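J.: Residue numbers (full-length UniProt numbering): 1 to 294.
Here it is, the structure in full.
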Amino acid sequence: MYDPSQLRTFLAVAQTLSFTQAARRLGLRQSTVSQHVRRLEDATGRQLFTRDTHAVELTEDGEAMLGFARRILAAHEQAAAFFTGTRLGGRLRFGASEDFVLTHLTDILESFRHDHPDVDLELTVELSGTLHERLDAGKLDLVLAKRRPEDPRGELVRQDDLVWIGGERLRLDPERPVPLIVYPPPGITRALAFEALERSGRAWRVACTSGSLNGLVAAARAGLGVMAHSRGLIPPGLTRVPDRAGLPELGRVDFVLLHGERRASAHGAADALARTILAGGDRVHRERRYGERR
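This is how it looks when you write it as structure tokens:
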């Protein structure tokens, strides 16, 4: 009833909330993306997106279609693998930014392991900057991480706003330097936070440095300071710092998949895991409004 190519296009639009970015991801023309979505809406008899010149949003029926689309495409891939007699194997070295460990990435990896039990999956959890370095050094086959601002490489999984977050009772004194909670170098959000504050002329000091997200979250919950973080990945117990605090805008951040130098043994497994992550890209983010202060 539902064309897999149309479902893949639907998922790409749902994850990027952009027909233009979905077209780039899929290597299609934007008119083709619009046509796929329109035909899927005709097939369901429901509107899946609300869209105008400024924004694209999922409707309630679109949210429901997310789960159906993922399951249909997963079954489609399993059937194709079964009848072609192909079973993926070999060693796959996968690196993921620590930001994703607290999200549904674990569900995605569990699904991949279930579908491809012969793949020896090695997971490395590190800072995005470190993952980029390990990928460039040939020590990883596939990476899911933030993209460096100057780096055009990577297949977009999600784009999100960077925001300032802290403990609910945190109060910033405008007369004193902003206390920062940051990853060590080469943390990407660390560099973006420093640059934003310097551009705005706002004084700052480092109140806590930790290579562990749990360490940063504990410091923020204790009220030691603020940290720059993806709006869609705000950890429990923390909240967005209100605009009245006067902190500068941080801009947006891209979360991307990057392939390393292809080893023959990892080629198929890396492609399969990349497809699984792209199909479930909306699940590696929490509800966007979670933890925000109105």
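We put the beta carbon where it would ideally sit given N, CA and C, even for glycine.
Remember, predicted model here, so these are calculated numbers, not experimental data.
Per the DSSP calculation, I165 is bridged to which residue(s)?
T.: Sequence index remark: in the sequence shown, residue 165 carries index 165 (1-based). BP columns for I165 point to M227 and R240.
J.: What are the boundary residues of the beta strand (DSSP E) that P184 is part of?
T.: Taking the sequence shown and counting its residues from 1, the one referred to as residue 184 is at position 184. From DSSP, P184 is part of no beta strand (DSSP E); its letter is neither H nor E.
J.: What are the start and end residues of the beta strand (DSSP E) that includes A96?
T.: For this step, residue 96 is matched to residue 96 along the sequence shown. Taken as a continuous stretch (DSSP letters only), the beta strand (DSSP E) holding A96 covers G90 to S97.
J.: Would you give the residue range spanned by the beta strand (DSSP E) that V101 belongs to?
T.: Taking the sequence shown and counting its residues from 1, the one referred to as residue 101 is at position 101. V101 -> no beta strand (DSSP E), and no H or E assigned at all.
J.: What residues in its chain sit with their C-beta under 7 Å from that of E168, if we drop five residues either side in the sequence?
T.: For the purposes of this step, residue 168 is taken as the residue at position 168 of the sequence shown. Closer than 7 Å at Cβ, skipping near neighbours: T239.
J.: Would you tell me roughly how many angstroms separate the C-alpha atoms of L73 and R8, rounded to the nearest one?
T.: Here residue 73 is taken as the residue at index 73 of the sequence shown, counted from 1. Here residue 8 is taken as the residue at index 8 of the sequence shown, counted from 1. Approximately 8 Å, taken between the alpha carbons.
J.: Figure out for me which residue from L28, R91, I234 and P174 has the closest Cα to the Cα of D160.
T.: To locate residue 160, count along the sequence shown from 1; it is residue 160. Nearest of L28, R91, I234 and P174 to D160, Cα basis: I234.
J.: Which residue's Cα is closest to the Cα of E155: Q21, L11 and A14?
T.: Here residue 155 refers to the residue found at position 155 when the sequence shown is read from its first residue. Out of Q21, L11 and A14, Q21 has the C-alpha closest to the C-alpha of E155.
J.: Please state the DSSP three-state secondary structure of D3.
T.: Residue numbering aside, residue 3 sits at position 3 when the sequence shown is read from its first letter. In the structure shown, D3 sits in coil (DSSP, three-state: anything other than H, G, I, E or B).
J.: Can you tell me where the alpha helix (DSSP H) with T209 in it begins and where it stops?
T.: For the purposes of this step, residue 209 is taken as the residue at position 209 of the sequence shown. Per DSSP, T209 belongs to no alpha helix (DSSP H); it is in the beta strand (DSSP E), W204 to T209.
J.: Taking the beta strand (DSSP E) that R252 belongs to, which residues open and close that run?
T.: As a working note, residue 252 is residue 252 in the sequence shown. Start and end: R252 to H259.
J.: Can you give me the Cβ contacts of L17 inside the same chain, cut-off strictly under 6 Å, excluding the 5 residues immediately before and after it?
T.: Taking the sequence shown and counting its residues from 1, the one referred to as residue 17 is at position 17. Around L17: V56.
J.: Assess contact between the stretch 266 to 277 and the stretch 104 to 118, defined as three or more Cβ pairs (one per stretch) separated by less than 8 Å. Is contact present?
T.: Because the criterion of three Cβ pairs below 8 Å is met, the stretch 266 to 277 and the stretch 104 to 118 touch.
J.: Less than 6 Å between C-beta atoms, sequence neighbours within five positions excluded: which residues of the same chain meet that for A12?
T.: On the sequence shown, residue 12 is found 12 positions in, with the first residue counted as 1. A22, R25 and L26, listed in sequence order.
J.: Just how far apart, CA to CA, sit E63 and D173?
T.: The residue given as residue 63 occupies position 63 in the sequence shown. The residue given as residue 173 occupies position 173 in the sequence shown. Roughly 41 Å between the two C-alpha positions.
J.: Could you round the C-beta distance between A272 and D141 to whole angstroms and report it? I think they count as a contact, below 8 Å.
T.: In the sequence shown, residue 272 corresponds to position 272, counting from 1. In the sequence shown, residue 141 corresponds to position 141, counting from 1. The Cβ separation is near 12 Å, so there is no contact.
J.: Return the bridge partner residues of E126 from the DSSP annotation.
T.: Taking the sequence shown and counting its residues from 1, the one referred to as residue 126 is at position 126. In DSSP, E126 forms a bridge with S97.
J.: Counting Cβ pairs closer than 8 Å, one from the stretch 78 to 89 and one from the stretch 30 to 43, do we hit at least three?
T.: The answer is no - the stretch 30 to 43 does not touch the stretch 78 to 89, with fewer than three Cβ pairs under 8 Å.
J.: Going by DSSP, which residues form a beta bridge with Q159?
T.: Taking the sequence shown and counting its residues from 1, the one referred to as residue 159 is at position 159. D254.
J.: Rounded to whole angstroms, what is the Cα-Cα separation between A196 and R29?
T.: Your numbering for residue 196 matches position 196 in the sequence shown. Your numbering for residue 29 matches position 29 in the sequence shown. Looking at the two C-alpha atoms, the distance is approximately 35 Å.
J.: Measure the C-alpha to C-alpha separation of G268 and R244 and round it to an integer number of angstroms.
T.: One-based indexing of the sequence shown puts residue 268 at position 268. One-based indexing of the sequence shown puts residue 244 at position 244. Going from the Cα of G268 to the Cα of R244 covers about 50 Å.
J.: Bridge partners for F49 per DSSP, in chain order?
T.: Counting from one through the sequence shown, the residue named residue 49 turns up at place 49. Looking at the DSSP assignment, F49 forms a beta bridge with L58.
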